[in-house]
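Throughout the sequence shown, residue numbering follows our numbering, covering -15 to 397 in sequence.
Glycine residues also receive a C-beta, built at the ideal position from the N, C-alpha and C atoms.
The structure under discussion appears below in the form of structure tokens.
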Amino acid sequence: MSFVISDKQKTFLKEVDDICRSIRQYEEKCYLEEKLNDKIIPEFGKIGMLGCPISRRYGGLGYDILTYILAIERIGEEGNSLRTFFSAHTSIGQMVLQGWADEVQKGEYLPKTCDGRSIMAFALTEPMAGSDPSSMVMKFEDRGDHFLLNGKKHWIGNGSCAKVMTTYAKEAGGSHHGKISAFIVDGDSDGISTEEMRNKLGLLTIKNAEIYFDNCVVPKKNLLGLKGQGLNIAYSALIDGRLSVAAGAVGVMTDCLEESVSYSKAREQHGSPLAKKQLIQEHLARIAVNIESSRWLVYRAALARQNLHDYVEQLKTEDHQWQSKLNRNNKDYYLLRSDADNLSTIAKFHASNSAFDSANRSVQIFGSYAYRKSNRVARHFLDSRAITIYEGTNEVLQLKMASKILGDNYKAY
Ligand SMILES: Cc1cc2nc3c(=O)[nH]c(=O)nc-3n(C[C@H](O)[C@H](O)[C@H](O)COP(=O)(O)OP(=O)(O)OC[C@H]3O[C@@H](n4cnc5c(N)ncnc54)[C@H](O)[C@@H]3O)c2cc1C
-15 MSFVISDKQK TFLKEVDDIC RSIRQYEEKC YLEEKLNDKI IPEFGKIGML GCPISRRYGG
45 LGYDILTYIL AIERIGEEGN SLRTFFSAHT SIGQMVLQGW ADEVQKGEYL PKTCDGRSIM
105 AFALTEPMAG SDPSSMVMKF EDRGDHFLLN GKKHWIGNGS CAKVMTTYAK EAGGSHHGKI
165 SAFIVDGDSD GISTEEMRNK LGLLTIKNAE IYFDNCVVPK KNLLGLKGQG LNIAYSALID
225 GRLSVAAGAV GVMTDCLEES VSYSKAREQH GSPLAKKQLI QEHLARIAVN IESSRWLVYR
285 AALARQNLHD YVEQLKTEDH QWQSKLNRNN KDYYLLRSDA DNLSTIAKFH ASNSAFDSAN
345 RSVQIFGSYA YRKSNRVARH FLDSRAITIY EGTNEVLQLK MASKILGDNY KAY
């Protein structure tokens, strides 16, 4: 297993680092004002980060998964809020199209998402269908020359600014009655309206929205994958979502450690720096263990995801009916997917719990100085609460891990 990266990749990661530093103060200002950071698109757009792992053929940089994940790790140092923008736009946005869309769909949608004309979202969750998306009630009807969507999604990251999203609905009547299909939907389609979700606990520079589909007309050409394949597509997107959350969590912990080290050296109580107190050192050591143990899980999962990606891209060149081969009946695909799924699940579970623990320890080291949102570790603490909930709650992820060990007959969810 090799994690070697080239000089070109290092140069790109240095550019990501430079942009992160340059927008640091502005991100903090936006956070305190609870507004979307409007510098993300122009600044990260300049270096191509808006299409980092997307093929050059469609306007992206064409980087491998590990390079993208390293960039996400660095962005995570600026906070889960900033990182969530990229997870929604790229990991569960563009990468779903890259994996499942046909050539015409990719040609139409990906270039404008890579250059920032269009931001993406992933609209799966509903008020009555969170951990169990199969219980969704959003419906679609096949009206011959178009689809008609009716229902509501909520908590959708980038939901109020996305110009294109994938969404998921159950067929009412028709050939696949009750089965879920996936759609590419333009944000300005007739019948769509959004409402920002306010008073959030954290993640204050990323906007989440409720999205209403009221007789929303979706052209026939915008069916994503095959009819009835929607849940398969949504679950595959969550592999990338989890990986990005886990990578971002490593960044969060790295920043927590850096902030905590410099503060504990500078702050004196009882006649010496906090850094000399053994109980403070315990916190620092535990954060360091959290970082190292999470980082290697993330990198390993990224390589497993790369193997899956390479297989699917190869299949596309060999078989024009490739979409019908991306299921568990295809053993090669199933094994690669289940490996990537399991490793990204383990990485997300461990890294998100570790990030919340690390941010909590950092707040303790800072004492009252971290009890304001203007403090970096305070923001990491608030924002890390969400990462144990989204992209699969950590309870459900444990059940997933257990069923991988025990077999499907023991599936407890
Ligand atoms: C900040 C934020 C951003 C989000 N962004 C998006 C987005 O961009 N797109 C999107 O589609 N969704 C998004 N979500 C939704 C997110 O994916 C869901 O919140 C998540 O899947 C959990 O669903 P739920 O909130 O309905 O909780 P529920 O499913 O109701 O779960 C509640 C509790 O019950 C537990 N639980 C549920 N089932 C079981 C079980 N079988 N066994 C044991 N315990 C169980 C859960 O672990 C949890 O602790 C976001 C959510 C948040 C908070």
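- As assigned by DSSP and simplified to three states, the class of P37: coil
- Item | For D1 and I58, believed in contact at Cβ under 8 angstroms, the rounded distance | The amino acid occupying residue 58 in the given sequence is Arg; Ile does not appear at that position. Yes, they are in contact, since the Cβ atoms of R58 and D1 sit about 6 angstroms apart, within 8 angstroms.
- Going by Cα to Cα distance, which pick from E379, N378, F365, A386 is closest to E61? F365
- Message: Quick check: what's the CA-CA separation for K211 versus E179?
- Response: Rounded to whole angstroms, the gap between the alpha carbons of K211 and E179 is 29 angstroms.
- Closest to D129 by CA distance: which of T74, L207, H73, I53 is it? L207
- Query: Tell me, which residues are paired with N192 by DSSP?
  - Reply: In the DSSP output, where bridge partners are listed per residue, N192 has G141.
- If you draw a straight line from the C-alpha of F333 to the C-alpha of L281, how long is it? 10 angstroms
- Message: Given a cut-off of 8 angstroms on the beta-carbon distance, is the pair I49 and H267 in contact?
- Response: no
- For N183, count neighbouring Cβ atoms within 10 angstroms of its own Cβ and tell me buried if that reaches 16, exposed if not. exposed
- Message: When you compare the CB positions of S338 and S277, do they come within less than 8 angstroms of one another, or not?
- Response: yes
- Query: Does the distance from the C-beta atom of G225 to that of E18 stay below 8 angstroms?
  - Reply: no
- Task: Let me know the beta strand (DSSP E) ranges lying completely inside the segment 77 to 122, each 3 residues or longer, listed in chain order.
- Result: For secondary structure counted as the beta strand (DSSP E) over 3 or more consecutive residues, the segment 77 to 122 holds these complete runs in sequence order: 104 to 107.
- DSSP-derived helix/strand/coil call for E297: helix
- Any chance the CB of F106 is under 7 angstroms from a heavy atom of ligand 1? yes
- Message: Buried or exposed for H138, going by 16 or more other Cβ atoms inside 10 Å?
- Response: buried
- D316 to V296 span [Cα, whole Å]: 10 angstroms
- Query: Nearest to K191 by CA position, among G171, T238, S342, A105, is which residue?
  - Reply: A105
- Three-state class that DSSP yields for V(-12) in the structure shown: coil
- Task: Using a threshold of 8 angstroms, state whether the C-beta atoms of L425 and I24 are closer than that.
- Result: A query on residue 425 cannot be resolved here, the shown segment of the chain reaching from -15 to 397 and no further.
- Can you say whether P37 is buried or exposed, counting buried as having 16 or more other CB atoms within 10 angstroms of its CB? buried
- Message: Shorter than 7 angstroms, the distance from the beta carbon of S115 to the closest heavy atom of ligand 1, or not?
- Response: yes
- Flag this pair as yes or no: are the beta carbons of S246 and V361 separated by less than 8 angstroms? With a cutoff of 8 angstroms on beta-carbon distance, S246 and V361 are scored as not near each other.
- Message: When you compare the segment 314 to 329 with the segment 107 to 118, are there three or more beta-carbon pairs, one atom per stretch, that lie closer than 8 angstroms?
- Response: no
- What residues in its chain sit with their C-beta under 7 angstroms from that of T68, if we drop five residues either side in the sequence? G141, L187, I190
- Nearest to G63 by alpha carbon, out of P95, L327, C4, I31? C4
- Counted within 10 angstroms of its Cβ, other Cβ atoms place E11 as buried (16 or more) or exposed: It counts as buried.
- Task: Using DSSP bridges, identify the partner residues of L207.
- Result: Bridge partners of L207: F167.
- Check whether L241 and I264 have beta carbons under 8 angstroms apart: no
- Query: Near R369, what residues of its chain come up, given a Cβ to Cβ distance below 8 angstroms and the 5 sequence neighbours on each side ignored?
  - Reply: L185, G186, F340
- Query: In the structure shown, what three-state DSSP assignment does K147 receive?
  - Reply: coil
- Message: Whole angstroms are fine: how far does the CA of N311 sit from the CA of N216?
- Response: Those two C-alpha atoms are separated by around 8 angstroms.
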